[in-house]
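Novice: Quick mapping for you: the protein sequence lines, in order, are chains A and B. Just so you know, our numbering puts 51 at position 18 of the first sequence, and the rest follows in order with no gaps. Just so you know, our numbering puts 5 at position 4 of the second sequence, and the rest follows in order with no gaps. Glycine included, every Cβ here is placed at the ideal spot set by N, Cα and C.
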Amino acid sequence: MSERVAVRKTYKLFIGGKFPRSESGRSYLVQDSNVSLASRKDARDAVVAARAAVKGWAGATAYNRGQILYRIAEMLEGRREQFVALGVPADEVDAAIDRWVWYAGWSDKLPQVYGGANPVAGPYFNLSAPEPTGVVAVVAPEAPALLGLVSVIAPAIVTGNTVVVATSPSQPLPAVTLAEVLATSDLPGGVVNLLTGRITETQPTLAGHMDVNAIDLTGVTDAELAVDLEVKAAQNLKRVLRPAPADHDWFTDPGITRMTTLLETKTVWHPKGV
Amino acid sequence: MTATATSARSDLSELGRSETALRTFLHGLPGVDQVGAEQRAAQLGTRSIKTTAKAQAIDLAIRMVDLTTLEGADTPGKVRALAAKALRPDPADPSCPHVGAVCVYPAMVPHVAEVLRGSKVHLASVATAFPSGQAPLEVKLADTRAAVEAGADEIDMVINRGAFLAGRYQEVYEEIVATKAASGDAHLKVILETGELATYDNVRRASWLAMLAGGDFIKTSTGKVPVAATLPVTLVMLEAVRDFRAATGRQVGVKPAGGIKTTKDAIKYLVMVNETVGPDWLDPDWFRFGASSLLNDLLMQRTKLTTGTYSGPDYFTLD
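1. Would you please verify whether the beta carbon of A:Gln268 is less than 8 Å from any beta carbon of chain B?
2. Please identify the residue among B:Val33, B:Pro314, B:Phe165 whose C-alpha is closest to the C-alpha of B:Gln302.
3. Tell whether a beta-carbon distance below 8 Å holds between B:Ala128 and B:Met109.
4. Who pairs with B:Cys104 in a beta bridge, going by DSSP?
5. Which residues, taken in chain order from the segment 68 to 91 of chain A, show a beta carbon closer than 8 Å to some beta carbon of chain B?
6. Give the residues of chain A in contact with B:Ser312, contact being defined as C-beta atoms less than 8 Å apart.
7. For a contact defined as C-beta to C-beta under 9 Å, what are the partners of A:Thr238 on chain B?
8. Report the start-end ranges of each alpha helix (DSSP H) in the segment 40 to 105 of chain A that is 4 residues or longer and not cut off at the edges.
9. Alpha helix (DSSP H) containing A:Val209: first to last residue?
10. Verify the CB distance criterion: does B:Asp315 have a CB-CB separation below 8 Å to chain A?
11. Would you call the CB atoms of A:Thr192 and A:Leu295 closer than 8 Å?
12. Compare the beta carbon distance of A:Gly148 and A:Ser140 with 8 Å and say whether it is the shorter of the two.
13. Considering only the beta carbon of each residue, do B:Lys220 and B:Gly163 sit closer than 8 Å?
14. Going by DSSP in three states, B:Lys141 sits in which element: helix, strand or coil?
15. According to the neighbour-count rule (16 or more other Cβ atoms, all chains shown, within 10 Å of its Cβ), is B:Met2 buried or exposed?
16. Evaluate the contact criterion for the segment 119 to 135 of chain A versus the segment 157 to 173 of chain A: three or more CB pairs, one atom per stretch, below 8 Å.
17. Does the structure place the segment 201 to 214 of chain B close enough to the segment 25 to 41 of chain B that three or more beta carbon pairs sit under 8 Å?
18. Tell me the rounded alpha-carbon separation between A:Gln145 and A:Arg41.
19. By Cβ distance, which residues of its chain are closer than 8 Å to A:Phe47, with the 5 residues on each side in sequence left out?
20. Which class does A:Thr200 belong to by DSSP, given the choice of helix, strand or coil?
21. Are there 16 or more other CB atoms within 10 angstroms of the CB of B:Ser49, so buried, or fewer, so exposed?
22. Please classify B:Thr235 as buried or exposed, where buried requires at least 16 other C-beta atoms within 10 Å of its C-beta.
23. So, do the segment 251 to 271 of chain B and the segment 224 to 243 of chain B have three or more beta carbon pairs nearer to each other than 8 Å?
24. For the 8 Å Cβ check, are there 3 or more pairs between the segment 229 to 236 of chain A and the segment 58 to 74 of chain A?
25. Near B:Asp281, what residues of its chain come up, given a Cβ to Cβ distance below 8 Å and the 5 sequence neighbours on each side ignored?
26. Do B:Ile160 and B:Ile192 have their C-beta atoms within less than 8 Å of each other?
27. Check whether the Cβ atoms of A:Gln236 and B:Thr310 lie closer than 8 Å to each other.
28. Leaving out the 5 sequence neighbours to the left and right, which residues in its chain are closer than 7 Å to A:Val126 when beta-carbon positions are compared?
29. Please report the distance separating the alpha-carbon of B:Thr5 from that of B:Leu306.
30. How long is the line joining the alpha carbons of B:Gly73 and B:Asp320, rounded to whole angstroms?
31. By alpha-carbon positions, which one of B:Leu45, B:Ala114, B:Arg169 ends up nearest to B:Ala87?
32. For A:Ser161, list the residues DSSP reports as bridge partners.
33. Taking the continuous alpha helix (DSSP H) assigned at B:Lys79, which residues delimit it?
34. Could you have a look at A:Asn246 and say whether DSSP puts it in helix, strand or coil?
35. Starting from A:Met292, trace the alpha helix (DSSP H) in both directions and tell me its first and last residue.
The structure is reproduced here in C-alpha cells:
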C-alpha cells in the first residue's frame, strides 16, 4: 500500500463568514504554510461585509450576543490542542478562552454600568443608553498572537460592533484557526472579518474609508504610521483607540475602556405622566 | 449588395401583414448557441478596466442610467426627490454628469415633469398595463396616450407575452405598432421580459419582432420577475440590433434592466456593447441601464477615483 499523501493547508482570509483567497491571488510563507496576503480590495470587501452585518448583530439582544460569545469560548476549548500545536503556549490559550467568557458576561451589564437615568430639572425621564458605533477597523497586536487578538476582537463585538481585523503579520496561523472557531460558533457572517498580511498595505485604506466608524491602532508599532492613520481617521471623525505600549501585559484585567471607546451614547427625554 | 439590401428592406416591412410570413421569418432566424453565448458573455466579463478608462466608463454609465422607481408606494414627493437626484446625482461634485432619464409610473409623470422641465434629462413612463401587459388593447393605448400627454418623452411598453408564447406573433406585432402610433413623438422602448421567454431563441425572435414593429429601443425586463437582465440575454439582443441595422439601416437601442447593482456589473455591460456592436452604441441615446441602486454604487466608485478614499452609503441619498 502506498503512503498517504499529506493534506497541506492554505490559510485563507475570513470575510463575510467565508474563507476566500486574497482577491490579488498573493500569499506569503509562514511556518512553512501559505497564508493569503490581503490587498486593499480585500479590505474594501471586508468593510462591505462588516457593514452588511451591523444591522443584525447590533439588533440582536444583549443576551443573545453574550450566548454567542460564550459559545466561542466553548468551541475554542474544544480546539485547545490545535492552538498548542501551532505554538501558542497552553496558558495563553486558557487566558484567551477565559477572556471570551469574561466579555460574554459584559454583554448585558455594560449598558447598566455605562448608561442609566440622568437627573434633570423638569418633568422628564432622561435616559442614556450606549449603542455600538458600527464598523471598527482593528490592528491586532503582534504578540501574543491569540490572546492579543481575542483581547481586541471581543470588546469590540460584545457591544454590537462589527470588525475588520488585521492580524499579527508574523503569526497569522492562530488567527485563521480562530476564524474557524468563529465560523462554527453561531456568530453571524461578517461580524468578524480577518485580513492576514501587511498592515502598511491595508490600514491606510481602512483609516480613510468613509464607511468605517472607528479604528483601533493597538498593534501599530510604527509611531509615524499611527499618526498618519489618525490623521486619515479624522476625515470622518472616527473613534480612535491609540497604539498599546510595547510592554503592555495582555494577561492582566482588561478593564472596560476598550468597550466604552467604541460606543455612542444615545440620550432620550421622555415626558413624565401627571 | 445595395440591391439586396433594398429588397431585404422592402421584404421586412411587408412581414407584419401576415401571420404566416412573420412566423416563417422569425422561425427562420438562426438558433442561438446557448453554451457559446454564455461563454462569450462570461469571457467579456473578465476584462480589467482601471484608472482613466474606469473613470470614463463610470461617467458614461451614469449618463446611461434610467433612474427608476416603480413601486406601489411611490408618492409625488418621492418621485420629485428622485428627479432632483437625476439632475444632480452628486451634489458635492458639479463635474458629475446627469443621468439619462427618470422612469416612473404614468400617474407620477406630471410631478417629475415639473422638476425636469428645461433640462436634458428624459422622462420615461412605463405604460400598456405594466408589468403584466394583461389588459385589453384600448386600455393599454389609453395608458400610453395619458403618459405622453402628461409629459413623458419616452414610453416603456411591455409586449404581450401571453400572445407571444402562444405563437400569435401578429397580435404582438400589431400591439407594438398601435402603441408606437399612440406614443407619437415619444421614443418607444419595448420590454421583452426575457425572464419569461424561456429560451435565447425566443429572445432573438422577440427582439426582431419588436424592431420590425417599429420599437426604438428593446429592453430586457420589467424588474418585476425573479430573472431580470443577464449578460448572455443582453448579448443576444445586441447581436439582434447589430444584424437589424445591417439589414435595414435603422439603429435600435438596447436597455438591460433589473439586477444591475454594481459598477463592476455596469462596466461588464459596457465592454460587451463595445465588443459586440461597437462604439456607435456607447451613447445614452443607444444604450441605457434600467436601475435604481446602481447609481449610488457608481457615485461611490466615482468618489473613490476623485478623492482617493472609499466612500460609504451614508453619504448618498436613499431612494
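Specialist: With the given structure in hand:
1. Within the first sequence, numbered from 1, the residue matching residue 268 of chain A stands at position 235. Output row for A:Gln268: interface = yes.
2. For the purposes of this step, residue 302 of chain B is identified with residue 301 of the second sequence, where counting begins at 1. Ranked by Cα distance from B:Gln302, the options B:Val33, B:Pro314, B:Phe165 are led by B:Pro314.
3. Taking the first residue of the second sequence as 1, we reach residue 128 of chain B at position 127. Taking the first residue of the second sequence as 1, we reach residue 109 of chain B at position 108. Contact annotation: B:Ala128 and B:Met109 have beta-carbon atoms that are not nearer than 8 Å.
4. For this step, residue 104 of chain B is matched to residue 103 along the second sequence. Beta-bridge pairing by DSSP links B:Cys104 to B:Thr69, B:Ala125.
5. For chain B, the residues of the segment 68 to 91 of chain A that bring a beta carbon within less than 8 Å of one of its beta carbons are Arg77, Val80, Arg84, in chain order.
6. To locate residue 312 of chain B, count along the second sequence from 1; it is residue 311. From the beta-carbon of B:Ser312, the residues of chain A found nearer than 8 Å are Met243, Asp244.
7. Your numbering for residue 238 of chain A matches position 205 in the first sequence. Within chain B, the residues near A:Thr238 are Thr310, Tyr311.
8. At a cut-off of 4 residues, the continuous stretches assigned as alpha helix (DSSP H) that sit fully inside the segment 40 to 105 of chain A are 73 to 92.
9. Stepping through the first sequence from its first residue, residue 209 of chain A is reached at position 176. For A:Val209, the uninterrupted alpha helix (DSSP H) run begins and ends at 206 to 216, by DSSP.
10. For the purposes of this step, residue 315 of chain B is taken as residue 314 along the second sequence, with counting starting at 1. Closer than 8 Å to some Cβ of chain A, the Cβ of B:Asp315 qualifies, so yes.
11. Taking the first residue of the first sequence as position 1, residue 192 of chain A is located at position 159. Taking the first residue of the first sequence as position 1, residue 295 of chain A is located at position 262. The beta carbons of A:Thr192 and A:Leu295 sit closer together than 8 Å.
12. By 1-based counting over the first sequence, the position of residue 148 of chain A is 115. By 1-based counting over the first sequence, the position of residue 140 of chain A is 107. Not a contact, by the Cβ cut-off of 8 Å.
13. The residue given as residue 220 of chain B occupies position 219 in the second sequence. The residue given as residue 163 of chain B occupies position 162 in the second sequence. Judged by beta-carbon spacing, B:Gly163 lies beyond the 8 Å limit of B:Lys220, meaning their Cβ atoms are not closer than that value.
14. As a working note, residue 141 of chain B is residue 140 in the second sequence. Correct three-state label for B:Lys141: helix.
15. Here the question's residue 2 of chain B lines up with position 1 in the second sequence. Note on B:Met2: pLDDT 38, under 50, position unreliable in the model; the coordinate value appears next. By the 10 Å Cβ count, B:Met2 comes out exposed.
16. Because the criterion of three Cβ pairs below 8 Å is not met, the segment 119 to 135 of chain A and the segment 157 to 173 of chain A do not touch.
17. The segment 201 to 214 of chain B and the segment 25 to 41 of chain B touch, with three or more beta-carbon pairs separated by less than 8 Å.
18. As a working note, residue 145 of chain A is residue 112 in the first sequence. As a working note, residue 41 of chain A is residue 8 in the first sequence. Between A:Gln145 and A:Arg41, the C-alpha separation is close to 48 Å.
19. Residue mapping note: residue 47 of chain A aligns to position 14 of the first sequence, counting from 1. Counting only Cβ-Cβ distances below 8 Å, and skipping sequence neighbours, we find Val209, Ala212, Leu215, Ala216, Val225, Asn226, Leu227.
20. As a working mapping, residue 200 of chain A is identified with position 167 in the first sequence. For A:Thr200, the secondary structure class from DSSP, reduced to helix, strand or coil, is coil.
21. Your numbering for residue 49 of chain B matches position 48 in the second sequence. B:Ser49 comes out exposed.
22. Translated into positions along the second sequence, residue 235 of chain B becomes position 234. Burial is judged here by how many other beta carbons sit within 10 angstroms of a residue's own beta carbon; B:Thr235 has at least 16 and is buried.
23. By the Cβ rule, the segment 251 to 271 of chain B counts as touching the segment 224 to 243 of chain B, because three or more pairs are nearer than 8 Å.
24. Judged by Cβ distances under 8 Å, the segment 229 to 236 of chain A makes contact with the segment 58 to 74 of chain A, as three or more pairs qualify.
25. Counting from 1 along the second sequence, the entry for residue 281 of chain B is found at position 280. Residues of the same chain with a CB within less than 8 Å of the CB of B:Asp281, apart from the 5 flanking positions on each side, are Gln252, Trp287 in chain order.
26. For the purposes of this step, residue 160 of chain B is identified with residue 159 of the second sequence, where counting begins at 1. For the purposes of this step, residue 192 of chain B is identified with residue 191 of the second sequence, where counting begins at 1. Result yes, Cβ atoms of B:Ile160 and B:Ile192 sit closer than 8 Å.
27. Taking the first sequence and counting its residues from 1, the one referred to as residue 236 of chain A is at position 203. Taking the second sequence and counting its residues from 1, the one referred to as residue 310 of chain B is at position 309. In this structure, the beta-carbon distance from A:Gln236 to B:Thr310 does not fall below 8 Å.
28. Stepping through the first sequence from its first residue, residue 126 of chain A is reached at position 93. Within the same chain, A:Val126 has close Cβ partners Arg113, Phe116, Val117, Leu179.
29. The residue labelled residue 5 of chain B in the question sits at position 4 within the second sequence. The residue labelled residue 306 of chain B in the question sits at position 305 within the second sequence. In this prediction, B:Thr5 scores a pLDDT of 46, lower than 50, which makes its location untrustworthy; the coordinate-derived value is nonetheless stated afterwards. Cα atoms of B:Thr5 and B:Leu306: separation of roughly 50 Å, rounded to the nearest angstrom.
30. Against the second sequence, residue 73 of chain B aligns to sequence position 72. Against the second sequence, residue 320 of chain B aligns to sequence position 319. Spanning the alpha carbons of B:Gly73 and B:Asp320 requires a straight line of approximately 14 Å.
31. Along the second sequence, read from residue 1 onward, the residue named residue 87 of chain B stands at position 86. For B:Ala87, the nearest C-alpha among the options comes from B:Ala114.
32. Against the first sequence, residue 161 of chain A aligns to sequence position 128. Paired residue(s): A:Gly149, A:Thr300.
33. Looking up residue 79 of chain B in the second sequence gives position 78. Bounds of the alpha helix (DSSP H) holding B:Lys79 are 77 to 88.
34. The residue given as residue 246 of chain A occupies position 213 in the first sequence. Here A:Asn246 sits in coil by DSSP.
35. Numbered from its first residue, the first sequence carries residue 292 of chain A at position 259. Here the alpha helix (DSSP H) through A:Met292 covers 290 to 294.
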